[in-house]
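To start, the structure under review is shown below, and the notes come after it.
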Amino acid sequence: MEAFISLSPTSENVRVYPANWSKQSKSKGKGHTVRCIRRRRSESGAADGEVVSALEVGNVDSIEKVYRIITEHMKMGEINQKACECLKCYFQGNERLDEDQPTQAITLYNQALTTARDHNNKQTTPKLPLGTILMKRATAYLRRAANHRKLLRILVRDLTDTVPSASTIKILYQTSSTHPALAPSIFQRLIQDSKLQQTKFRQIRYRHDMYEFALLHAAQDSLQATQLLPTNGKAWLLAGQCLAELRKLKESNQYYERALELDPSLEKEMKGVLERNRKSQEFIEVAKASGFSGDTLRLALDVAA
């Protein structure tokens, strides 16, 4: 639907409706089936008069096919090539995201957004779906953040394995005291282990910074999407999720509540998110009471989440 609405030369002449077919289409492809109906204009000027012609096109699964339907089948004139380029990048980004390739998806969404902003600044209608593209890019950044967190947890476990326990340190101390000849080699080993731990800790800090960087981008995109799509409940839900990941739990709850006000059908999808935020807040308070603060607190929360 977005492709037809955005690519139509004049949105006043085109109406796009989703439909559920009562029977299976003859097309065996994976794309959508599109039925194009041309009507005469009524006396009032509305395009709801007598049907002049109708055709059905199956397996519509690319921008190129939408372009062909509008220009060749519906003969609506030329399409802005920038709009076509934008939507092509957008849908390719969706494919990469479905394939769990968030970095490639983000690159494509960046291209789509650049083209969309340029197009919307120059064209009055039709506008390209900036808000929708921002929501998708925010989702891709969330996926990238999740991948960073997986690697972060692996690094933390690896670091933990290299840190000797208190009992091990005690044994090494007793051994070096009882057998002074072994002390130099024991101390040398501890120095080497310490250098290794420092390297691993730097890797952890880098990965954690990348994780938070991705979350900040996701939050920025999702919040901007709520401004462009103020009545879209899913945009507010996504913003709430991004804020929750950033531990902005009070703000997250406000966005969740607004999402539910706009779209009550999201209630099932949102089941438990407010409770999850409440538990996260309790966890933060316990961590603070235990002496965690600043970067250490954020790292502990992100690894344990």
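Numbering of the sequence shown is given in the UniProt record's numbering, commencing with residue 1 and proceeding in unit increments. Where is the CB? At the ideal position from N, CA and C, for every residue including glycine. Values in this document were obtained by computation on a predicted structure and should not be read as measured data.
Subject >> Given 8 Å, three or more beta-carbon pairs between the segment 126–142 and the segment 184–193 >> reply: no
Original post:
Taking all protein chains shown into account, do 16 or more other C-beta atoms lie within 10 angstroms of the C-beta of Asn121, making it buried, or fewer, making it exposed?
Top reply: The sequence position of residue 121 within the sequence shown is 121, counting from 1. That one is exposed.
Subject >> Local conformation of Arg38 per DSSP, three classes >> reply: Counted from its first residue, the sequence shown places residue 38 at position 38. Strand, per DSSP.
Original post:
Arg144 and Thr175: beta carbons closer than 8 Å?
Top reply: In the sequence shown, counting from the first residue as 1, residue 144 sits at position 144. In the sequence shown, counting from the first residue as 1, residue 175 sits at position 175. Contact: no.
**OP:** Please determine if the segment 229–243 and the segment 263–274 are in contact, where contact requires at least 3 C-beta pairs separated by less than 8 Å.
**Re:** yes
Original post:
Pick from Ile154, Phe187, Arg258: whose alpha carbon is nearest that of Thr231?
Top reply: Along the sequence shown, read from residue 1 onward, the residue named residue 231 stands at position 231. For Thr231, the nearest C-alpha among the options comes from Arg258.
**OP:** Tell whether a beta-carbon distance below 8 Å holds between Val163 and Gln111.
**Re:** What you label residue 163 is simply residue 163 of the sequence shown in a count that begins at 1. What you label residue 111 is simply residue 111 of the sequence shown in a count that begins at 1. The answer is no: Cβ separation not under 8 Å.
Original post:
What's the C-alpha gap between Leu246 and Ala166?
Top reply: Along the sequence shown, read from residue 1 onward, the residue named residue 246 stands at position 246. Along the sequence shown, read from residue 1 onward, the residue named residue 166 stands at position 166. Rounded to the nearest angstrom, the two C-alpha atoms are 34 Å apart.
Subject >> Burial state of Trp21, where buried means 16 or more other Cβ atoms lie within 10 Å >> reply: One-based indexing of the sequence shown puts residue 21 at position 21. Low per-residue confidence applies at Trp21: pLDDT is 49, beneath 50, and the placement is therefore not dependable enough to give any value.
Subject >> Proximity to Arg153 [Cα-Cα], best of Lys170, Asp221, Ala181, Gln203 >> reply: Taking the sequence shown and counting its residues from 1, the one referred to as residue 153 is at position 153. Ranking Lys170, Asp221, Ala181, Gln203 by Cα distance to Arg153 puts Gln203 first.
**OP:** Report the three-state DSSP secondary structure of Val303 (helix, strand or coil).
**Re:** Here the question's residue 303 lines up with position 303 in the sequence shown. The answer is helix: DSSP assigns Val303 an H, G or I state.
Original post:
Rounded to a whole number of angstroms, what is the C-alpha to C-alpha distance between Phe292 and Lys200?
Top reply: Working through the sequence shown from its first residue, we reach residue 292 at position 292. Working through the sequence shown from its first residue, we reach residue 200 at position 200. Cα-Cα distance, rounded: 20 Å.
**OP:** State the DSSP-derived secondary structure class of Val156, mapped to helix, strand or coil.
**Re:** Within the sequence shown, residue 156 is the residue found at index 156, counting from 1. Looking at Val156 - three-state DSSP - the assignment turns out to be helix.
Original post:
Name the DSSP beta bridge partners of Val273, please?
Top reply: Here residue 273 corresponds to residue number 273 of the sequence shown, with the count starting at 1. According to DSSP, Val273 bridges with nothing at all.
Original post:
What residues in its chain sit with their C-beta under 7 Å from that of Leu274, if we drop five residues either side in the sequence?
Top reply: Looking up residue 274 in the sequence shown gives position 274. Only Asn253, Tyr256 meet the Cβ criterion.
Subject >> Neighbourhood of Tyr141 by C-beta, 6 Å cutoff - its chain only, sequence neighbours within 5 removed >> reply: Within the sequence shown, numbered from 1, the residue matching residue 141 stands at position 141. Same-chain partners within the cutoff: Ala214, His217, Ala218.
Subject >> Alpha-carbon spacing of Leu297 relative to Phe283, whole angstroms >> reply: One-based indexing of the sequence shown puts residue 297 at position 297. One-based indexing of the sequence shown puts residue 283 at position 283. Approximately 11 Å, taken between the alpha carbons.
**OP:** Compute the distance between the beta-carbons of Glu85 and Thr114, then report whether it is under 8 Å.
**Re:** What you label residue 85 is simply residue 85 of the sequence shown in a count that begins at 1. What you label residue 114 is simply residue 114 of the sequence shown in a count that begins at 1. Contact: no.
Original post:
Since Pro102 is in the alpha helix (DSSP H), which residue starts that stretch and which ends it?
Top reply: Here the question's residue 102 lines up with position 102 in the sequence shown. Unbroken alpha helix (DSSP H) run through Pro102: 102–122.
**OP:** Look at the alpha carbon of Lys127 and the alpha carbon of Arg117, and state the distance between them as a whole number of angstroms.
**Re:** Within the sequence shown, residue 127 is the residue found at index 127, counting from 1. Within the sequence shown, residue 117 is the residue found at index 117, counting from 1. Near 9 Å, if we compare the C-alpha coordinates of Arg117 and Lys127.
**OP:** Closer than 8 Å by C-beta to Leu182: which residues in its own chain qualify, once you throw out the five before and the five after it? Chain order, please.
**Re:** Residue mapping note: residue 182 aligns to position 182 of the sequence shown, counting from 1. Taken in chain order, the residues that qualify are Thr175, Ser176.
Original post:
Candidates Arg149, Pro129, Lys65, Gln101: which alpha carbon is nearest Tyr90's?
Top reply: Taking the sequence shown and counting its residues from 1, one reaches residue 90 at position 90. Looking at the Cα atoms, Pro129 is the closest of the given residues.
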